[in-house]
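When we follow the UniProt record's numbering, the leftmost residue of the sequence shown carries the number 1, and every step to the right adds one.
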Amino acid sequence: MPYDELCFLEQRPQSPTLEFLFRNSQRTVVQLMELCRLYHRADVEKILRRWVDEEWPHRGPSDSSMHF
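Laid out in structure tokens, this is it:
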């Protein structure tokens, strides 16, 4: 078992929504939306859709949170 997977399992007491997002965090938003439809995850799709519609437009190229 990879170290990352082990760390993830140690953090288990999280909501299923957060687990889904963490497990698929390397995917694009479009890919996440497709997975939500495939796995019938309306809860996660609702959160992503709200983020895309409300939060994403407020981010600009000068937003410091986009720079790591």
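Note that CB positions come from ideal geometry on N, CA and C, so glycine has one too.
| Check | Outcome |
| --- | --- |
| Let me know the alpha helix (DSSP H) ranges lying completely inside the region 5-48, each 4 residues or longer, listed in chain order. | 16-23, 29-38 |
| Restricting to Cα atoms, I'd like to know which of Pro2, Asp53, Val44 is closest to Ser25. | Val44 |
| Could you tell me how far apart the beta carbons of Phe22 and Arg41 are, in whole angstroms, since I believe they sit closer than 8 Å? | Not confirmed; about 13 Å, so no contact. |
| Could you give the distance in angstroms between the alpha-carbon of Trp51 and the alpha-carbon of Tyr39? | 20 Å |
| With 16 as the cutoff for other CB atoms within 10 Å, does Leu18 come out buried or exposed? | exposed |
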